[in-house]
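Q:
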Amino acid sequence: MPSMAQGGRLRDPTENPNKLHDRKLDAFSGKQNLAQHRKSLPIASVEKRLMDEVRHNDTLIIVGETGSGKTTQLPQFLFNAGFCRDGKTIGITQPRRVAAVTVAKRVAEECGVELGQRVGYSIRFEDATSISTRIKYMTDGLLLREALLDPYLSRYSVIIVDEAHERTVHTDVLLGLLKNIQRARSKSFNDRVNIEKNKENNGTLSDKDNGVFLKQCQSRKFPPLKLIIMSASLDARGFSEYFGGARAVHVQGRQFPVDTFYTHHAEPDYLDAALITIFQIHLEEGPGDILVFLTGQEEIESVERLVKERLQQLPEGSRKLLTVPIFSALPSEKQMRAFRHAPAGFRKVILATNIAETSVTIPGIKYVIDPGLVKARSYDPVKGMESLIIVPISKSQALQRSGRAGREGSGKCFRLYPESEFDKLEDSTKPEIKRCNLSNVILQLKALGVDDILGFDFMDKPSRASIVKSLEQLFLLGALTDECKLSDPVGRQMAQLPLDPVYSRALILASQFNCLEEMLITVAMLSVESIFYGPREKLEEARTAMRRFSSPEGDHLSLVNVYHASDELLDKRMVGLSKEKKDKILSKWCKENFINSRSLRHARDIHSQIRGHVEQMGLRVASCGDDMLQFRRCLAASFFLNAALRQPEGTYRALASGQVVQIHPSSVLFRAKPECIVFNELVQTNHKYIRNISRIDYLWLSELAPHYYCTQN
DNA sequence: GAGCACTGC
Numbered sequence: 001m002p003s004m005a006q007g008g009r010l011r012d013p014t015e016n017p018n019k020l021h022d023r024k025l026d027a028f029s030g031k032q033n034l035a036q037h038r039k040s041l042p043i044a045s046v047e048k049r050l051m052d053e054v055r056h057n058d059t060l061i062i063v064g065e066t067g068s069g070k071t072t073q074l075p076q077f078l079f080n081a082g083f084c085r086d087g088k089t090i091g092i093t094q095p096r097r098v099a100a101v102t103v104a105k106r107v108a109e110e111c112g113v114e115l116g117q118r119v120g121y122s123i124r125f126e127d128a129t130s131i132s133t134r135i136k137y138m139t140d141g142l143l144l145r146e147a148l149l150d151p152y153l154s155r156y157s158v159i160i161v162d163e164a165h166e167r168t169v170h171t172d173v174l175l176g177l178l179k180n181i182q183r184a185r186s187k188s189f190n191d192r193v194n195i196e197k198n199k200e201n202n203g204t205l206s207d208k209d210n211g212v213f214l215k216q217c218q219s220r221k222f223p224p225l226k227l228i229i230m231s232a233s234l235d236a237r238g239f240s241e242y243f244g245g246a247r248a249v250h251v252q253g254r255q256f257p258v259d260t261f262y263t264h265h266a267e268p269d270y271l272d273a274a275l276i277t278i279f280q281i282h283l284e285e286g287p288g289d290i291l292v293f294l295t296g297q298e299e300i301e302s303v304e305r306l307v308k309e310r311l312q313q314l315p316e317g318s319r320k321l322l323t324v325p326i327f328s329a330l331p332s333e334k335q336m337r338a339f340r341h342a343p344a345g346f347r348k349v350i351l352a353t354n355i356a357e358t359s360v361t362i363p364g365i366k367y368v369i370d371p372g373l374v375k376a377r378s379y380d381p382v383k384g385m386e387s388l389i390i391v392p393i394s395k396s397q398a399l400q401r402s403g404r405a406g407r408e409g410s411g412k413c414f415r416l417y418p419e420s421e422f423d424k425l426e427d428s429t430k431p432e433i434k435r436c437n438l439s440n441v442i443l444q445l446k447a448l449g450v451d452d453i454l455g456f457d458f459m460d461k462p463s464r465a466s467i468v469k470s471l472e473q474l475f476l477l478g479a480l481t482d483e484c485k486l487s488d489p490v491g492r493q494m495a496q497l498p499l500d501p502v503y504s505r506a507l508i509l510a511s512q513f514n515c516l517e518e519m520l521i522t523v524a525m526l527s528v529e530s531i532f533y534g535p536r537e538k539l540e541e542a543r544t545a546m547r548r549f550s551s552p553e554g555d556h557l558s559l560v561n562v563y564h565a566s567d568e569l570l571d572k573r574m575v576g577l578s579k580e581k582k583d584k585i586l587s588k589w590c591k592e593n594f595i596n597s598r599s600l601r602h603a604r605d606i607h608s609q610i611r612g613h614v615e616q617m618g619l620r621v622a623s624c625g626d627d628m629l630q631f632r633r634c635l636a637a638s639f640f641l642n643a644a645l646r647q648p649e650g651t652y653r654a655l656a657s658g659q660v661v662q663i664h665p666s667s668v669l670f671r672a673k674p675e676c677i678v679f680n681e682l683v684q685t686n687h688k689y690i691r692n693i694s695r696i697d698y699l700w701l702s703e704l705a706p707h708y709y710c711t712q713n
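For what it's worth, the UniProt record's numbering labels the leading residue of the first sequence as 1, then goes sequentially.
Spelled out as structure tokens, the structure:
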């Protein structure tokens, strides 16, 4: 049994906010209540000071802990302080869609305006803004897209990058870009002022870093751009240094205290330790739900089984414990169970992946169990292979996890490792940009006019090998010229499409192969999480359902079949029905066919978006009908970098890297094992598995990708 | 014959 030693408190308990005070607020009428609530937020008392800081500093770092109110209040302060004069907008970026939407709704309510008017949001597939929007919440990825159309982000007077400590790829690219834009805008502003002063027209605005931005806008004047970087991590130094010693201010948070406990010794079996801790809490601690952080679906399912088994060994009266799993691949209706109250007298134990760390907040959590591990993706640029491995979390992740116990009252966090192990953890998680394939990032930067990728001012520079590998890949796809410039029209078109570059290339090729109709569906389906969902207990049924759609040609055509079947359903039965009704029928059909309806809907959204894009580009949208040969030849031409040949033992050799790989058992070609194939994904888990596979003819490779295969062989 | 954390355009 893991014995717990008390660790230090996370926060000073005297900072404990007054819950009674909050309850009193409920008695106020709506509007008064909101106003009172705003005034009670920690950030409210520093409004004037913050606005002075923004006026005097072009870049400001704000460190605000959970519950400080920074995300909802700061944009309102800026609006009231006059930062939207001359019709300018305040932009606030979020790493996640759901945050952009919920915060915008909240702020519109606080301002007493209709959502989409003065306060709005914009995320992919959904735009709730208008000409009068002055406070605009959006995802960071969307702002990056906006920069492609408006390189100076000229409509914004202030851009706030929220949750910057998460260091997603989008945040990191955005930070580098904003730094350039800010410099370029101040320079254009100052130069313009000087030009006007001296009544000269020959001012040259060339600047090594910002040449392109400046060239595009020489004749226009832009007011300087204010940047505010908001982070929840205690260490603002990194951001401050990156922005040339920018000023950092600290805003107090409002969290309840969480007691942290460690084990005396390292636990050899953390699942068993988690199990014991669950029951220890259940039997010995006061009411409150438990949140356990596990690394994946399999672990969650096995802990769930074990909890249920052990529960049966307890006396009748102690069995009131309800397990609820939550992970991203779980269908949404099952995810919802985590948010429901447990029946009276029951305690809920939520078995969650990282999804519960930031993406969703489950109410009622008083106890957190943290084994200190996470399943993380890493990328090997030399092999061009991703892997999913279980690694220790960082200190900031551990704090984020324990904080989940202090949302509504004081809580307890049980770390299933000794305190000495905690001290050895990295301070923060390695930024994603250092552990992913950079092809998309580089394509975007090239399209934004950044030619010298190796010299780009990243906050954390990816390895040279990783950059070079992606440049090489983009060159082989025809997106870059011999001089490493964006090619026209291919590279430019590829950068316009919100897809993995390989998929963008496939669309362009498909217009030449007369199968763009099919390829649009294929890449939309490949761009979402797994379409098929097979719960362990119904695996046979799921397999039978999947066979209804499977094509002997491979997974690509099988996915097209699923999409066509859903099309047919929507055409046949849904003319004139409301959107809700349609959604309901589609969900039912998905359930019957073991298809993840969230994934399919997502694919349908992507499909309609990219269809719009390719039509606008003037690509020819045609169907190859029953000519599967044509479609497979197009797959070979598109995915030639991912071709593999069968070996005598039944494994495959990937031609580009020489690696020995295996077909993933979820593929429709798992048994057929054709001689030559193309695939879309290579991930190392227990084996090196390739997924999403189609059968091709070996001879097509040298015919359709001679620039690669003739020189190689 | 296996199992894939999480985001985002």
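Here a beta-carbon is modelled for each residue, glycine too, at the ideal position from N, C-alpha and C.
Which of helix, strand or coil does DSSP assign to serine 428?
A: Against the first sequence, residue 428 aligns to sequence position 428. Note: serine 428 maps to coil in three-state DSSP.
Q: Could you check where the beta strand (DSSP E) with alanine 643 kicks off and where it finishes?
A: Taking the first residue of the first sequence as position 1, residue 643 is located at position 643. Alanine 643 -> beta strand (DSSP E) spans 643–646.
Q: In angstroms with no decimal places, state the Cα-to-Cα distance between proline 648 and asparagine 642.
A: Here residue 648 is taken as the residue at index 648 of the first sequence, counted from 1. Here residue 642 is taken as the residue at index 642 of the first sequence, counted from 1. Between proline 648 and asparagine 642, the C-alpha separation is close to 20 Å.
Q: Quick check on the DSSP output: the beta strand (DSSP E) that includes valine 101 runs from which residue to which?
A: Mapped onto the first sequence, residue 101 falls at position 101. No beta strand (DSSP E) contains valine 101, which is instead part of the alpha helix (DSSP H) from 97–111.
Q: Going by Cα to Cα distance, which pick from Arg671, Leu50, Phe549, Cys590 is closest to glutamine 252?
A: By 1-based counting over the first sequence, the position of residue 252 is 252. Taking only the C-alpha atoms, the option nearest glutamine 252 is Leu50.
Q: Report the start-end ranges of each beta strand (DSSP E) in the stretch 240–288 that is 3 residues or longer and not cut off at the edges.
A: As far as the stretch 240–288 is concerned, its whole beta strand (DSSP E) runs of at least 3 residues are 247–251, 258–263.
Q: With the cut-off set at 8 Å, would you say arginine 183 and tyrosine 152 are in Cβ contact?
A: The sequence position of residue 183 within the first sequence is 183, counting from 1. The sequence position of residue 152 within the first sequence is 152, counting from 1. Not a contact, by the Cβ cut-off of 8 Å.
Q: Run through the DSSP bridge pairs and tell me what methionine 138 is partnered with.
A: As a first step, residue 138 is located in the first sequence; it is residue number 138 there, counting from the start. DSSP lists Thr93, Ser122 as partners of methionine 138.
Q: Specify whether the stretch 439–450 and the stretch 408–427 touch according to this definition: at least 3 beta carbon pairs, one from each stretch, less than 8 Å apart.
A: Contact between the stretch 439–450 and the stretch 408–427 is absent, because fewer than three Cβ pairs lie under 8 Å.
Q: What does DSSP give as the partner residues of serine 551 in its beta bridges?
A: Residue mapping note: residue 551 aligns to position 551 of the first sequence, counting from 1. DSSP output for serine 551 lists Gly554 as bridge partner(s).
Q: Starting from alanine 376, trace the beta strand (DSSP E) both ways and give me its first and last residue.
A: As a first step, residue 376 is located in the first sequence; it is residue number 376 there, counting from the start. Per DSSP, alanine 376 belongs to the beta strand (DSSP E) from 373–380.
Q: Leaving out five residues before and five after serine 233 in sequence, what residues of the same chain have Cβ atoms less than 8 Å from its Cβ?
A: One-based indexing of the first sequence puts residue 233 at position 233. Within the same chain, serine 233 has close Cβ partners Val63, His165, Ser396, Ser428.
Q: Restricting to runs no shorter than 4 residues, where is the alpha helix (DSSP H) found entirely within the stretch 331–391?
A: With a minimum length of 4 residues, the continuous alpha helix (DSSP H) runs that stay inside the stretch 331–391 are 332–335.
Q: Assess, as a yes-or-no matter, whether the stretch 631–638 is touched by the stretch 493–511 under the definition of 3 or more beta carbon pairs within less than 8 Å.
A: Judged by Cβ distances under 8 Å, the stretch 493–511 makes contact with the stretch 631–638, as three or more pairs qualify.
Q: What runs of the alpha helix (DSSP H), each 4 residues or longer, lie entirely inside the stretch 622–685?
A: 628–638, all fully within the stretch 622–685.
Q: Counting pairs of Cβ atoms below 8 Å between the stretch 113–128 and the stretch 90–102, do you hit three or more?
A: Segments in contact, yes.
Q: For aspartate 370 and phenylalanine 414, which I take to be in contact (beta-carbon distance under 8 Å), what is that distance rounded to the nearest angstrom?
A: Locating residue 370 in the first sequence gives position 370, counting from the first residue. Locating residue 414 in the first sequence gives position 414, counting from the first residue. That pair is a contact at about 7 Å.
Q: Roughly how many angstroms lie between the CA atoms of serine 702 and tyrosine 709, to the nearest whole one?
A: Taking the first residue of the first sequence as position 1, residue 702 is located at position 702. Taking the first residue of the first sequence as position 1, residue 709 is located at position 709. Roughly 5 Å separates the two Cα atoms.
Q: Taking the C-alpha atoms as reference points, what is the distance between residue 765 and lysine 348?
A: Residue 765 is absent from the model: the chain starts at 1 and stops at 713.
Q: In whole angstroms, what is the alpha-carbon distance linking glutamine 6 and threonine 323?
A: Counting from one through the first sequence, the residue named residue 6 turns up at place 6. Counting from one through the first sequence, the residue named residue 323 turns up at place 323. Low per-residue confidence applies at glutamine 6: pLDDT is 36, beneath 50, and the placement is therefore not dependable enough to give any value.
Q: What are the partner residues of cysteine 413, as DSSP defines its beta bridges?
A: Counting from one through the first sequence, the residue named residue 413 turns up at place 413. Paired residue(s): Thr260, Val368.
Q: Which residue marks the beginning of the alpha helix (DSSP H) containing tyrosine 503, and which one marks its end?
A: To locate residue 503, count along the first sequence from 1; it is residue 503. Where tyrosine 503 is concerned, the enclosing alpha helix (DSSP H) stretches over 501–512.
Q: What does DSSP give as the partner residues of threonine 59 in its beta bridges?
A: Your numbering for residue 59 matches position 59 in the first sequence. Beta-bridge pairing links threonine 59 to Leu227.
Q: Assuming the contact rule is C-beta atoms closer than 8 Å, leucine 416 and isoleucine 390 should be a hit. Round their C-beta distance to whole Å, please.
A: By one-based count along the first sequence, residue 416 stands at place 416. By one-based count along the first sequence, residue 390 stands at place 390. That pair is no contact at about 14 Å.
Q: Between the C-alpha atoms of alanine 405 and histidine 282, what's the straight-line distance to the nearest angstrom?
A: Looking up residue 405 in the first sequence gives position 405. Looking up residue 282 in the first sequence gives position 282. Looking at the two C-alpha atoms, the distance is approximately 15 Å.
Q: If I follow the unbroken beta strand (DSSP E) through arginine 691, where does it start and stop?
A: Counting from 1 along the first sequence, the entry for residue 691 is found at position 691. 688–695 is the extent of the beta strand (DSSP E) around arginine 691.
Q: For the stretch 274–290 and the stretch 332–352, state whether three or more C-beta atom pairs, one from each stretch, are separated by less than 8 Å.
A: In short, these stretches touch, since the Cβ pair count reaches three.
Q: Could you check which residue in Lys673, Asn692, Phe639 has the C-alpha nearest to that of leucine 704?
A: By 1-based counting over the first sequence, the position of residue 704 is 704. Of the listed residues, the one whose Cα sits closest to leucine 704 is Phe639.
Q: What residue does the alpha helix (DSSP H) around leucine 443 start on, and which one ends it?
A: By one-based count along the first sequence, residue 443 stands at place 443. Element bounds for leucine 443: 439–447.
Q: Quick one: what's got a C-beta closer than 6 Å to alanine 108's C-beta in the same chain, skipping five residues either side?
A: Within the first sequence, residue 108 is the residue found at index 108, counting from 1. Result list for alanine 108: Leu115, Val119, in chain order.
Q: Pick helix, strand or coil for valine 523, following the three-state DSSP scheme.
A: By one-based count along the first sequence, residue 523 stands at place 523. DSSP places valine 523 in helix when its eight states are reduced to three.
Q: Closest by CA to serine 332, which one among Gly245, Leu699, Asn596, Asp451?
A: By one-based count along the first sequence, residue 332 stands at place 332. Ranking the options by Cα distance to serine 332, first place goes to Asn596.
Q: Got a sec, what are the start and stop residues for the beta strand (DSSP E) serine 157 sits in?
A: As a position in the first sequence, residue 157 is number 157, starting the count at 1. First-last of the beta strand (DSSP E) with serine 157: 156–161.
Q: What's the gap between the Cα of serine 188 and the Cα of isoleucine 160?
A: Looking up residue 188 in the first sequence gives position 188. Looking up residue 160 in the first sequence gives position 160. Each residue's Cα considered, the two are about 21 Å apart.
Q: Whose C-beta lies closer than 6 Å to the C-beta of cysteine 515 among residues of the same chain, with five residues either side of it excluded?
A: In the first sequence, residue 515 corresponds to position 515, counting from 1. Result list for cysteine 515: Cys624, Gln630, Phe631, Cys634, in chain order.
Q: Just how far apart, CA to CA, sit valine 249 and asparagine 692?
A: Numbered from its first residue, the first sequence carries residue 249 at position 249. Numbered from its first residue, the first sequence carries residue 692 at position 692. The straight-line gap from Cα to Cα measures roughly 49 Å.
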